[in-house]
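Right, one structure below, let's go through it.
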Amino acid sequence: MAEQISAVPASAAPGEAPASAARIGPASPADIEALSALLVETVANNGSVGFMHPLPLDEARAFWRGALEAVARGERVVLCAWQDGQLLATGSLALVQAPSQPHRAELTKVMTAPAARGRGVGAALVQALEQAARERGRRLLTLDASLIEGATAFYRRLGYHTAGDIPEYAYKPLGGLGATRILWKLLDAREPARTLPVDPAADERYMRQALALAERAEKEYDEIPVGAVVVSAGGEVIGEGWNRNIADHDPSAHAEIMALRQAGRALANHRLVGATLYVTLEPCAMCAMALVHARVARVVYGAADPKTGACGSVFDVIGDPRHNHRVLVQGGVLGEEAGRRLTNYFRAKRGKPPV
Ligand SMILES: [Zn+2]
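Mind the numbering: the sequence shown is residues 1 to 355 in the UniProt record's numbering, read in order.
Structure representation (structure tokens):
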């Protein structure tokens with residue numbers, strides 16, 4: 001099956017045989033006993049999966065029989081993670097049947113055996129469920145996770161967004177109403193990224209050039225020291241820019257925008273297909289969007305910007321799966337030097353010595 005994914009536990013020794021890794025695949029009727037035991041154990045441990053403790057084994061079996069019937073009808077996906085004959089984890093996708101939501105599935109009944117936790121099995125299972133959703137044309141995944149169990153942090157790490165919290169949502173298996181968090185994730189339906197050959201020495205060379213432009217912005221124009229260089233698919237520098245907001249009375253005159261404008265004129269084209277932009281500071285939302293519009297292949301930046309960075313630091317404009325163009329991103333190239341230059345610029349403004 002295409003859904004077979006191997007999850008190597010983080011604690012696995014290097015070179016350990018792949019046979020010892022978890023094997024993830026669709027559940028079959030032969031798995032009902034193991035699935036039922038895991039469900040009963042999860043409920044006994046106060047796990048919020050829709051049941052109250054004590055859950056009779058027969059009820060658990062009836063639940064899984066029903067779930068596998070839904071699988072047979074094409075309404076559900078149930079995956080299991082196995083290792084050495086032990087069921088480590090399970091998770092399901094309920095394929096929403098509403099005609100208005102042919103693109104949505106609910107992630108549900110995700111359970112990991114206590115002994116298997118902290119080994120990456122749960123994450124591998126959710127990723128396998130996401131792949132199963134993609135194969136069935138489901139792009140939007142939704143789920144509710146109890147706020148008490150710390151599951152929400154797990155889903156946040158896997159890229160799920162919080163829609164909101166609902167108090168008194170459901171009874172915990174051992175009693176007492178618990179709040180829940182509604183989470184969602186829009187899967188990336190685009191073609192997988194093509195990897196570009198990357199030459200670290202060239203990256204550093206072009207970043208040095210961008211740093212020299214940043215220095216010019218500061219020394220010659222007293223602008224914030226940010227510099228940018230656009231290199232064409234053929235390896236030619238076709239655009240250079242530095243911050244010109246103050247001199248040009250132009251709120252859009254960021255280094256990236258200036259470099260993109262020059263590159264567009266050089267190519268006589270508003271699309272810079274295959275080009276790489278080097279910039280000393282992580283692009284803001286405006287510049288990130290301009291890079292997407294320009295169809296730039298790759299952006300390399302120096303220092304991360306914890307205030308307005310839009311390549312993941314504050315926003316992830318560049319990586320948003322709703323774009324139809326994908327820009328590869330690499331940060332931290334000569335980042336310390338670029339960051340120090342900016343820090344010292346602002347320190348000097350406040351009459352402080354450089355660091
Ligand atoms: Zn910008």
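Note that CB positions come from ideal geometry on N, CA and C, so glycine has one too.
{"Asked": "Got a sec: is the Cβ-Cβ distance from K172 to anything in chain C below 9 angstroms?", "Found": "Checking the listed chains, one finds no chain C in this structure; it contains a single protein chain."}
{"Asked": "Specify the secondary structure class of K349 as computed by DSSP and reduced to three states.", "Found": "helix"}
{"Asked": "Looking at the strands, I want to know which residues DSSP matches up with L328.", "Found": "R298"}
{"Asked": "Give the DSSP-derived three-state secondary structure of H293 in the structure shown.", "Found": "helix"}
{"Asked": "What are the residues that DSSP puts in a beta bridge with P283?", "Found": "Its beta-bridge partners do not exist; DSSP assigns none."}
{"Asked": "According to DSSP, simplified to helix, strand and coil, what is A105?", "Found": "strand"}
{"Asked": "In chain order, what residues of the same chain lie with their CB nearer than 8 angstroms to the CB of V355, ignoring the 5 residues before and after it?", "Found": "R340, T343, N344 and R347"}
{"Asked": "Note down the Cα distance separating residue 386 from A145, rounded to an integer number of angstroms.", "Found": "The structure shown does not extend to residue 386, since the chain spans only 1 to 355, so no value can be given for it."}
{"Asked": "Put R341 into one of helix, strand or coil per three-state DSSP.", "Found": "helix"}
{"Asked": "Helix, strand or coil, according to DSSP, for Q262 in the structure here?", "Found": "helix"}
{"Asked": "Exposed or buried, what is A275 when buried is set at 16 or more other beta-carbons lying within 10 Å of its beta-carbon?", "Found": "buried"}
{"Asked": "Run the proximity test for E256: is its beta-carbon closer than 8 angstroms to any non-hydrogen atom belonging to ligand 1?", "Found": "yes"}
{"Asked": "Which residues does DSSP pair with K185 in a beta bridge?", "Found": "L141"}
{"Asked": "Considering only the alpha carbon of each residue, which of T42, Q86 and R136 lies closest to E75?", "Found": "R136"}
{"Asked": "Need the endpoints of the beta strand (DSSP E) that Y169 sits in, please.", "Found": "H161 to Y171"}
{"Asked": "Please confirm whether any heavy atom of ligand 1 lies closer than 8 angstroms to the CB of C80.", "Found": "no"}
{"Asked": "Counting C-beta neighbours from all protein chains within 10 Å, is the total for T280 16 or more, i.e. buried, or is it exposed?", "Found": "buried"}
{"Asked": "Rounded to whole angstroms, what is the Cα-Cα separation between P283 and E220?", "Found": "22 angstroms"}
{"Asked": "How about P283: is its Cβ closer than 8 angstroms to a heavy atom in ligand 1?", "Found": "yes"}
{"Asked": "Count the other C-beta atoms from every protein chain shown that fall within 10 angstroms of the C-beta of E336, then say buried if there are 16 or more, exposed otherwise.", "Found": "exposed"}
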